Amino acid sequence: MTAHPKVVIVGAGIVGCALGDELTARGWTDVTVLEQGPLFATGGSSSHAPGLVFQTNSSKTMTEFARYTVDKYSALSLDGQWCFRKVGGLEVATTPERVEELKRKHGYAASWGVRAHLLDADQCAELHPLLDRSQVLAGFHTPDDGLAKALRAAEAQARRAIARGARFLGHHTVTGIDSAHGRVAAVVTDQGTFPADVVVSCAGFWGPRIGRMAGLAVPLVPMAHQYARTTPVPALAGHNSELLEASKPILRHQDRDLYFREHVDRIGIGSYAHRPMPVDLAEVAAPGGPVMPSMKAFTAEDFEPAWNDSKTLLPALAGTKVEEGFNGIFSFTTDGFPLLGEAPELRGFWVAEAVWVTHSAGVAQAVAEWLVEGRPRTDLHECDLNRFEQVQLAPSYVHRRSCQNFVEVYDILHPLQPMAEPRPLRVSPFHTRQRELGAVFLEASGWERPHWYEANADLPEVAGIPGRGEWASRYWSPIAGAESLATRERVALYDMTALKRLEVTGPGALGFLQYLTTNQLDKPVGSVTYTLLLDEAGGVRSDLTVARLGEHRFQVGANGNLDLDWLTRHLPEDSTVQVRDITAGTCCLGVWGPLARELVQPLTDADFSHRGFGYFKARHAYLGNVPVTAMRLSYVGELGWELYTTADAGPRLWDTLWRAGRPLGLVAAGRSAFNSLRLEKGYRSWGTDLTVEHNPYEAGLGFAVRMDKGDFLGRDALVGLGEETVSRRLTCLLLDDPQAVVMGKEPVYVDGAPAGYVTSAAYGYTVGRSIAYAWLPTAAAVPGNRVHVEYFGERLPATVAQEPLFDPEMARIRR
Ligand code: FAD
Ligand code: THG
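Reading the sequence shown from the start, the letters are residues 121 to 935 in the numbering used here.
In structure tokens:
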């Protein structure tokens, strides 16, 4: 590829236009944007989006996308007309549950740096005089939210791109993607063929169609969503000029799945209150015709309840009617996040789809950085096209979950709440046994994973566990405390099957893993190493365990599909290395606790003594009849092993351990206990505690970096860095009140101002306190320093603690 590759963007909606601008601004000026419809009212979703931009999201990444969109569009204009106006955003609560939810949202805003205030009902009514004050219990006000004029912003960005050399071609329908040698080569249209080094599909809800041309399944579902405008509202007469359109904040009434904005003297109403209306792409109208393809006929009967609820919240609508409405199409995904990144099997074919106007500029910036600089500066793991497991790409799964996401779009969702369907999707070989023990399952990467076991309700209760509020009580049981203590005092069985396992083999395997990771892997067969995957800038892409099981055979314990994707992308072309996902064909039990050796040793001829089987070592053995690969490591910080076997032998492995273990007081334990134990031990969870935005030293993982081992990816960026140079740190906090708990993502206040945010949190049953890991400026990350964590609007005092909280001498593990 040349320094300035030939880029073809498919689609001139807000995303395609924003990307054209961001790419050309970075010097990639050979950009052609192909659009099937007319420019710039193409007929896609952007052509009629009412443009409400609410920035605050539980995801830091999505909030940052929105913030950039606000900043960028605020500074844009088209022929002197505004592209963004900060009329502010107001979300009102009409139920006590929503009042609490808004407090949580206020926490997100503080964590991610969005200006926001909680309001009482009077303040809401003052801010938005059309509201029936008697309905409203509270509000959440964000002064920097507002209205984007999607079409203007699109065209304004396109003009900047054109001024730098880009071409925008309307009435060019893409009909095919040409490739050669696994690389994209050209884009075929009804008007001819356009050679390309890089193709970015910004086709919005048409994404799956373009994807198919490239052999890629794009997991989104086009869905219709109702938007309507009223006849003139007398109370608005004379309030808004045609030019400015609106003066009151954009409004959300999430308890009724509604949002509102002003259109001069009318009110626009968007509704998610109706049945999901998935749209078959084959039935979407052709572009350039009398109706916009993304606009379907209004189904008035679906809007009835929304209209009644609107009149209730805004009594000023009483004398008005729905003047016009439509069912507009846009994209939904299985987890609500966009789809960004390069196709796994066609180099140069990229996707930036399922993106709202709200996030459009931020997404375009990140994708442009990714293309031009080789990496995005923002953590995109939630949005990466390649985040899904194969089972999560089944068309029926994509359809079901995306529809459910439509239904839940404004719902109050607990961070641990799994979707109800389709489940169970993946079960470990231990599933039957777990059900017999009353496992309460949550979901991870499609796997059913026990959170705790009701069978353990008989265990003695742990004294002093805080009584939790309603929110923190969900998906939690004091049984987790008993399981945690059983692990510390006796021995427990943890199903680790959901942990992604990759087998890396071949004569080039060692060199390959040495180059991609930070720690020294050139060790004898039987060694296990904790190591990091970095990107070019030294950001942590993942943390792995690498077990050398043979001269040329490694088993990698990974965090998810993005690790498989990363390794696969970096494979040498000479076929000296193979990477295979062995997760589904194998299973794993963690056997941990002070009695783990007493449990395992009698089952095997192999030497499981401390001398015979050292810490971070691996070996093959038979436990009874079951062949296992045993690895001596423990994410919960206790003596023990991860025991891997093939899926067929799983039930036998469980039974063998269960029978031998019961006399020792063995229990099955779930993820709730696991998470608490690992926080007591200070073990990080990638994706939650740290991401590619953090370097190893900031994350407290410098011990896994061997600068002297030779070159590795990301090494250059770490030269001169160390624990002493960092300006922020992943920090262990203990809440002062032993009765308090937090959940994660809460803002942390230092000297009264938000200075960081909580990543993971759990009650530590051994330490008898609530633990919260948080990112804090180095100056504040000093043991003994006092800070506050805001939880549901309350400032809970907390103290920076020396970590790890539990067994810093490693006496429990190394014996
Ligand atoms: P689009 O604007 O659809 O652009 C994709 C382009 O690709 C289209 O122009 C299409 O013609 C072109 N294309 C497709 N196939 C081909 C082909 N084969 N060849 C050439 N070109 C092709 N978002 C918000 O943030 N705030 C809101 O308030 C909001 N309200 C909404 C209300 C409604 C009723 C609807 C339907 C959506 C709303 N959205 C809102 C969502 C938002 O409109 C979309 O998410 C966003 O516009 C998508 O932008 P895009 O550029 O990805 O897609
Ligand atoms: N088991 C296995 N692989 C994994 C995980 C696992 N890969 C992904 C994820 N979990 C990796 N996370 C960790 C985190 C900490 C440790 C292991 C995996 C750990 N750390 C010790 C410490 O920090 O003291 C030892 C580090 C060292 O000696 O280098 O054990 O759960 N198979």
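We put the beta carbon where it would ideally sit given N, CA and C, even for glycine.
This one's a predicted model, so the numbers in the text were calculated from it and none came from an experiment.
Legend entry - CA-to-CA distance, V492 to M121, given in whole angstroms: As a first step, residue 121 must be located in the sequence shown, where it is residue number 1. As a first step, residue 492 must be located in the sequence shown, where it is residue number 372. Only weak support is given to the placement of M121: the predicted model assigns it a pLDDT of 46, under 50, and the question is left unresolved by the model.
Inset, instruction - Run the CB neighbour count on H345, radius 10 Å, all protein chains shown included, and call it buried at 16 or more, exposed below. - result: Translated into the one-based positions of the sequence shown, residue 345 becomes position 225. Classification for H345: buried.
Legend entry - alpha helix (DSSP H) segment containing E590, residue limits: As a working mapping, residue 590 is identified with position 470 in the sequence shown. Counting along the chain, the alpha helix (DSSP H) containing E590 begins and ends at 590-593.
Inset, instruction - Find out if the Cβ-Cβ distance for the pair L336, G259 is shorter than 7 Å. - result: Stepping through the sequence shown from its first residue, residue 336 is reached at position 216. Stepping through the sequence shown from its first residue, residue 259 is reached at position 139. In this structure, G259 does not lie closer than 7 Å to L336 by Cβ.
Inset, instruction - Return helix, strand or coil for T453, following the three-state DSSP convention. - result: Translated into positions along the sequence shown, residue 453 becomes position 333. T453 falls in the strand class under three-state DSSP.
Legend entry - Buried or exposed (CB count within 10 angstroms, at least 16 for buried), V812: The sequence position of residue 812 within the sequence shown is 692, counting from 1. Buried.
Inset, instruction - Would you give the residue range spanned by the beta strand (DSSP E) that G312 belongs to? - result: Translated into positions along the sequence shown, residue 312 becomes position 192. Note, G312: beta strand (DSSP E), 312-315.
Legend entry - Completely contained alpha helix (DSSP H) runs for the segment 284-358, where each covers 4 or more residues: 327-333
Legend entry - Reduced DSSP category for A894 - H, G, I as helix; E, B as strand; rest coil: Position 774 of the sequence shown holds residue 894. Three-state result, A894: strand.
Legend entry - For G266, the first and last residue of its enclosing beta strand (DSSP E): Residue numbering aside, residue 266 sits at position 146 when the sequence shown is read from its first letter. From DSSP, the beta strand (DSSP E) with G266 extends over 266-268.
Inset, instruction - Report yes or no: do three or more beta-carbon pairs, one from the segment 620-640 and one from the segment 717-732, lie closer than 8 Å? - result: no
Inset, instruction - Go ahead and pull the three-state DSSP assignment for V399. - result: Taking the first residue of the sequence shown as position 1, residue 399 is located at position 279. Correct three-state label for V399: coil.
Inset, instruction - Tell me whether A230 sits in a helix, a strand or coil according to DSSP, three-state version. - result: Taking the sequence shown and counting its residues from 1, one reaches residue 230 at position 110. Residue state, collapsed to three classes: helix.
Legend entry - Element boundaries [beta strand (DSSP E), containing R717]: Reading the sequence shown from its first residue, position 597 is the one you call residue 717. Run containing R717: none in the beta strand (DSSP E); it sits in the alpha helix (DSSP H), 716-720.
Inset, instruction - Indicate the three-state DSSP secondary structure (helix, strand or coil) for Y911 in the structure shown. - result: Translated into the one-based positions of the sequence shown, residue 911 becomes position 791. Here Y911 sits in strand by DSSP.
Inset, instruction - Pick helix, strand or coil for T776, following the three-state DSSP scheme. - result: Locating residue 776 in the sequence shown gives position 656, where the first residue counts as 1. It is helical.
Inset, instruction - Apply the 10 Å Cβ neighbour rule to A899 and answer buried if 16 or more other Cβ atoms are within range, or exposed otherwise. - result: Counting from 1 along the sequence shown, the entry for residue 899 is found at position 779. So A899 counts as exposed.
Legend entry - Coil, strand or helix - G872 by DSSP: Within the sequence shown, the letter at position 752 stands for residue 872. Coil at G872, not helix or strand.
Legend entry - N795 CB to nearest heavy atom of the ligand THG below 6 Å: As a working mapping, residue 795 is identified with position 675 in the sequence shown. Outside the cutoff, so no.
Inset, instruction - Could you tell me whether the segment 307-324 touches the segment 126-143, using the rule of 3 or more Cβ pairs below 8 Å? - result: yes
Inset, instruction - State the start and end residues of the unbroken beta strand (DSSP E) segment that holds A750. - result: For the purposes of this step, residue 750 is identified with residue 630 of the sequence shown, where counting begins at 1. 746-751 is the span of the beta strand (DSSP E), which, as asked, contains A750.
Inset, instruction - Give, in chain order, every unbroken run of the alpha helix (DSSP H) that is at least 4 residues long and sits entirely within the segment 403-491. - result: 420-433
Inset, instruction - Let me know if M827 comes out buried or exposed under the rule of 16 or more other beta-carbons within 10 Å of its beta-carbon. - result: The residue you call residue 827 lines up with position 707 of the sequence shown. Flag for M827 reads exposed.
Inset, instruction - Using 6 Å as the cut-off, classify the Cβ of Y392 as near or not near the heavy atoms of the ligand FAD, replying yes or no. - result: Mapped onto the sequence shown, residue 392 falls at position 272. Y392: no, Cβ never under 6 Å from the ligand FAD.
Legend entry - Reference D252; option with closest CA among A213, E528, A484: Position 132 of the sequence shown, counted from the start, is the residue given in the question as residue 252. With distances taken between Cα atoms, D252 lies closest to A213.
Inset, instruction - Kindly examine the ligand FAD and report whether one of its heavy atoms sits closer than 6 Å to the Cβ of P396. - result: Residue 396 sits at position 276 when you count from the first residue of the sequence shown. P396 Cβ: outside cutoff for every heavy atom of the ligand FAD.
Inset, instruction - Determine the closest residue to P216 out of L257, L238, Y228, Q243, with distance taken between C-alpha atoms. - result: As a working mapping, residue 216 is identified with position 96 in the sequence shown. With distances taken between Cα atoms, P216 lies closest to L257.
Legend entry - Cutoff 6 Å; reference L669; Cβ partners in own chain excluding five residues on either side: As a working mapping, residue 669 is identified with position 549 in the sequence shown. Counting only Cβ-Cβ distances below 6 Å, and skipping sequence neighbours, we find Q675.
Inset, instruction - In angstroms with no decimal places, state the Cα-to-Cα distance between E929 and G757. - result: Walking along the sequence shown from the start, residue 929 turns up at place 809. Walking along the sequence shown from the start, residue 757 turns up at place 637. Rounded to the nearest angstrom, the two C-alpha atoms are 11 Å apart.
Inset, instruction - Count the other CB atoms, across all protein chains shown, that sit within 10 Å of the CB of R889; report buried if there are 16 or more and exposed otherwise. - result: Taking the first residue of the sequence shown as position 1, residue 889 is located at position 769. So R889 ends up on the buried side.
Legend entry - Given 8 Å, three or more beta-carbon pairs between the segment 472-490 and the segment 386-400: no
Legend entry - Any non-hydrogen atom of the ligand FAD closer than 6 Å to T293 Cβ: One-based indexing of the sequence shown puts residue 293 at position 173. Yes, the Cβ of T293 comes within 6 Å of a heavy atom of the ligand FAD.
Legend entry - Boundaries (first-last residue) of the alpha helix (DSSP H) holding V193: What you label residue 193 is simply residue 73 of the sequence shown in a count that begins at 1. Before going on, a small fix: residue 193 reads as Tyr here, not Val. First-last of the alpha helix (DSSP H) with Y193: 180-194.
Legend entry - T776 burial status per 10 Å Cβ neighbour count (16 or more: buried): Numbered from 1 along the sequence shown, position 656 holds the residue referred to as residue 776. Its Cβ being crowded by 16 or more others within 10 Å, T776 is buried.
Legend entry - Any non-hydrogen atom of the ligand THG within 6 Å of D242 CB: Looking up residue 242 in the sequence shown gives position 122. Answer for D242: no, Cβ out of range of the ligand THG.
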